[in-house]
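Student:
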Amino acid sequence: MLVGGLLVVMFVAVVQLALVQHVRNTCIDAAAEGARYAAQVGRDPSDGAARTVELLRQSLAPSYAQDVTARQVDAGGLALVEVTVRAPVPLVGLLGPGGVLELQGHAPVEGP
C-alpha cells in the first residue's frame, strides 16, 4: 500500500514536469513565430505580439497570452525583433502563479 502511494505520487510529479516543459516549449515557439511574423517586410512589432497572443490562446489557456510584448532591438548592428512572453508556471495542471516564466523569441528584420 505504501509503495503504491509513493509510485502514484512519483508518476504525477513526472507528468507535471512534462507539462511544465510542454508549456515552456510552446511559449518559446509562439514567441519565435511572432518574432518571425513581425520581422517580415511591412510588419511591425505589434503584429508579432498579436500573432503570439493568437497562437498562445489556441494552444494553451488564455491566461498564458495576457503578458506579451514585442520590440525591435539592435544586436551588434543587426536589427532584430524580440517577442517576450511572461507566463505562469503550471504547478497543478495548468494553474499556477503568473509572470514567473519569461521567455523570448528573436528574428532578424527583413529588408526591402
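In the numbering used here, the protein residues as written are 189 to 300. Where a beta carbon is used, it is the ideal one built from N, C-alpha and C, also for glycine.
Considering only their Cβ atoms, is the gap separating Leu279 from Ile216 smaller than 8 angstroms?
Tutor: The residue labelled residue 216 in the question sits at position 28 within the sequence shown. The residue labelled residue 279 in the question sits at position 91 within the sequence shown. Against a cut-off of 8 angstroms, the Cβ pair of Leu279 and Ile216 comes out as no contact.
Student: So Ala295 and Arg224 are in contact, right, with Cβ under 8 angstroms, and what is the actual spacing, rounded?
Tutor: The residue labelled residue 295 in the question sits at position 107 within the sequence shown. The residue labelled residue 224 in the question sits at position 36 within the sequence shown. At roughly 4 angstroms, the Cβ-Cβ gap stays under 8 angstroms, so Ala295 and Arg224 are in contact.
Student: At what residues does the alpha helix (DSSP H) containing Pro276 begin and finish?
Tutor: Residue mapping note: residue 276 aligns to position 88 of the sequence shown, counting from 1. Element bounds for Pro276: n/a, residue is neither H nor E.
Student: Helix, strand or coil for Val261? Go by DSSP, reduced to three states.
Tutor: Working through the sequence shown from its first residue, we reach residue 261 at position 73. Reduced to three states, the DSSP call for Val261 is strand.
Student: Please classify Val269 as buried or exposed, where buried requires at least 16 neighbouring CB atoms within 10 angstroms.
Tutor: Here residue 269 is taken as the residue at index 81 of the sequence shown, counted from 1. Answer is buried; the Cβ neighbour count reaches 16.
Student: Look at the alpha carbon of Ala206 and the alpha carbon of Leu283, and state the distance between them as a whole number of angstroms.
Tutor: Along the sequence shown, one-based indexing puts residue 206 at 18. Along the sequence shown, one-based indexing puts residue 283 at 95. If I take the Cα positions, the gap works out to 14 angstroms.
Student: Let's see if you can read the secondary structure: which residues bound the alpha helix (DSSP H) around Pro233?
Tutor: As a position in the sequence shown, residue 233 is number 45, starting the count at 1. Where Pro233 is concerned, the enclosing alpha helix (DSSP H) stretches over 233-247.
Student: Given a threshold of 16 other Cβ atoms within 10 Å of its Cβ, counted over all protein chains shown, does Ala150 qualify as buried or as exposed?
Tutor: The chain is shown only over 189 to 300; residue 150 falls outside these bounds and no answer can be derived.
Student: So, are the CB atoms of Ala258 and Ala237 less than 8 angstroms apart?
Tutor: Along the sequence shown, read from residue 1 onward, the residue named residue 258 stands at position 70. Along the sequence shown, read from residue 1 onward, the residue named residue 237 stands at position 49. Yes, the Cβ-Cβ distance between Ala258 and Ala237 is below 8 angstroms.
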